[in-house]
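The opening residue of the sequence shown carries number 9 in this note's numbering; numbering runs sequentially from there.
Step one of this worksheet: look at the structure below.
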Amino acid sequence: MIPPGLAVITGASAGIGREFCVQLANRGHDLLVVARDPDRLTALQRNLAERHRVAVEPFPADLSRESDIARLAERIGDAADLSVLVNNAGFGTRGTLLESDLERQAEMLRLHTMAPMRLTA
């Protein structure tokens, strides 16, 4: 078992990411929760801090944007007690690549490849 320390979870505000937050808080990890919606992050912070008595820091960010990836990478780099990084943020598109919007595809590549690479470096 990984000893408790700081756990960073991207895509934290819903679904699998939210469940990662619950499970890691159950194990005593303090959390840095990352997602785009600040209101959902604040609600998550309140819920987890109250139920699990751990520190929860909301970090609103859109990891399809280079500037937000850089901000989060800097914050992670400053963490002396980082023990877990869950790269959970993601999205998909419909239709064929030929029909797709080029900028949307670039956002997906930044989120699915560049963000995890930068955050683990």
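Note that beta-carbon positions come from the ideal geometry of N, C-alpha and C, so glycine has one too.
For clarity, every value in this text was computed on a predicted model and none was experimentally measured.
- request: Could you tell me the distance, in whole angstroms, from the CA atom of Gln53 to the CA atom of Ala78?
  value: 23 Å
message: Can you tell me whether Asp86 is helix, strand or coil according to DSSP?
response: coil
message: Using 8 Å as the cut-off, can you tell me whether the region 60 to 79 makes contact with the region 29 to 40, which would need three or more C-beta pairs spanning the two stretches below that distance?
response: yes
task: Would you kindly work out how many angstroms separate the C-alpha atoms of Ala123 and Ala43, rounded to a whole number?
output: 13 Å
query: Where does Thr18 land, buried or exposed, given buried means 16+ other C-beta within 10 angstroms?
result: Buried, since its Cβ has 16 or more Cβ neighbours within 10 Å.
query: Which residue's Cα is closest to the Cα of Val16: Asp86, Arg73, Arg59 and Asn55?
result: Asp86
message: Just to check my reading of the structure: Val92 and Ile24 have Cβ atoms closer than 8 Å, yes? What is that Cβ distance to the nearest angstrom?
response: Contact flag wrong, Cβ pair sits at about 15 Å.
field: Own chain residues within Cβ distance below 6 Å of Ser72, not counting five before or after
entry: So the list reads Glu115, Arg118 and Leu119, once near-sequence residues are dropped.
Alpha carbon of Asp109 to alpha carbon of Thr101, nearest angstrom: 9 Å
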